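Enquirer:
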Amino acid sequence: MGRKMAESENINFTQLCDKLDDVVLEFFNTLSTLYEVQDKLEETMKSGFLNLSRSRYNMGIKSVSCLQWDENNMVAATKVCVDLSSSFTPFSLQENKSTEAHVPPETETTTLRYRKVASKSFHDDDKEKIEDLIPMMKIESSSKETMKGLKSKDPLHWFGVLVPQTLRQSQRQFQDAVELTVTIANLRTKLLSLRKDYVGLKREKRKFNKSVT
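In the numbering used here, the protein residues as written are 205 to 417.
What follows is the structure, given as structure tokens:
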């Protein structure tokens, strides 16, 4: 009876040590992968900014700048989803389907402009001129809002239709950088989880050694 218990304890201790070894090996493999992905992210970001600089040189500084977009109408093309039930890969990217900017109704903009004009005191001739301009303002406002909605589908359209190849490459590289960033976040989360497992197994091993002695 005592011999069987001793053999069982030896088996449990051996399994515990094997688990510790597996966790340590997995930890360092994950750490090595993390370093590789971080290096890849650095190179991808460098290439992205380099191609962006080339595009600005070819198209002109003013053609590729923050003046080409409106931050109020920008919508993220992708979003990060978090799954707390997953200890190794809680973060994932999901394409944002609602990438088209909100286009307000034409009547709302026109009515608002008309009320502002009518509230001021003008002569009759001035009022007639302004009333003639309202339909033109309506068409101009509608076309601008429609273009904003179209531009939001592909950010490259903010800088024109025929953009250089370097700008397209820069876009792809920054998109890859987003994916690599999520991968890095998952790898770091995995390292924290493996470290927690290692501490727990190490604690069990100490308890086992104390019970034997």
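Note that CB positions come from ideal geometry on N, CA and C, so glycine has one too.
No experiment lies behind these values; they were computed from the predicted model shown.
Nearest-angstrom Cα distance between residue 414 and residue 387?
Expert: 41 Å
Enquirer: Distance, Cα to Cα, residue 259 vs residue 368?
Expert: If you take the alpha carbons of residue 259 and residue 368, they lie about 7 Å apart.
Enquirer: Could you spell out the range, first to last residue, of the beta strand (DSSP E) harbouring residue 151?
Expert: Residue 151 lies beyond the stretch modelled for the chain, which goes from 205 to 417, so this question has no answer here.
Enquirer: On the premise that residue 231 lies in contact with residue 396, defined as a C-beta separation below 8 Å, what is that separation, rounded to the nearest angstrom?
Expert: Incorrect: roughly 10 Å between the Cβ atoms, too far for contact.
Enquirer: Is residue 253 buried or exposed, if buried means 16 or more other CB atoms sit within 10 Å of its CB?
Expert: exposed
Enquirer: Taking the beta carbon of residue 363 as the centre, do at least 16 other beta carbons fall within 10 Å, making it buried, or is it exposed?
Expert: buried
Enquirer: Among the candidates 411, 399, 247, 382, whose CA atom is the shortest distance from the CA of residue 280?
Expert: 382
Enquirer: Out of 268, 226, 372, 266, point me to the one whose CA is closest to residue 401's CA.
Expert: Each of 268, 226, 372, 266 was checked against the Cα of residue 401, and the nearest Cα belongs to 226.
Enquirer: Taking the continuous beta strand (DSSP E) assigned at residue 365, which residues delimit it?
Expert: Neither: residue 365 is in no beta strand (DSSP E) and is coded neither H nor E.
Enquirer: Just mark residue 255 as buried or exposed, buried being the case when its beta carbon has 16 or more other beta carbons within 10 Å.
Expert: When all chains shown are included, residue 255 counts as buried.
Enquirer: I'd like the list of long-range same chain contacts for residue 298, defined as Cβ closer than 7 Å, with 5 residues on each side in sequence excluded.
Expert: 282, 283, 285
Enquirer: Going by C-alpha distance, which of 359, 239, 385, 393 is nearest residue 272?
Expert: 359
Enquirer: Which residues in the same chain have their Cβ closer than 7 Å to the Cβ of residue 330, if we skip the five residues on either side of it in sequence?
Expert: With a pLDDT of only 49 at residue 330, under 50, the local geometry of the prediction cannot be trusted, and no value is derived from it.
Enquirer: Alpha carbon to alpha carbon, what distance is there between residue 399 and residue 218?
Expert: 20 Å
Enquirer: Return yes when the Cβ of residue 380 is within less than 7 Å of the Cβ of residue 248, no when it is not.
Expert: yes
Enquirer: By Cβ distance, which residues of its chain are closer than 7 Å to residue 391, with the 5 residues on each side in sequence left out?
Expert: For residue 391, where only same-chain residues beyond five positions count, the Cβ hits under 7 Å are 234, 237, 238, 241.
Enquirer: Consult DSSP for residue 268 and reduce its assignment to one of helix, strand or coil.
Expert: coil
Enquirer: Would you identify the three-state DSSP class for residue 279, choosing helix, strand or coil?
Expert: coil
Enquirer: For residue 371, count neighbouring C-beta atoms within 10 Å of its own C-beta (all shown protein chains included) and say buried if the count is 16 or more, exposed if not.
Expert: buried
Enquirer: In angstroms with no decimal places, state the Cα-to-Cα distance between residue 405 and residue 378.
Expert: 41 Å
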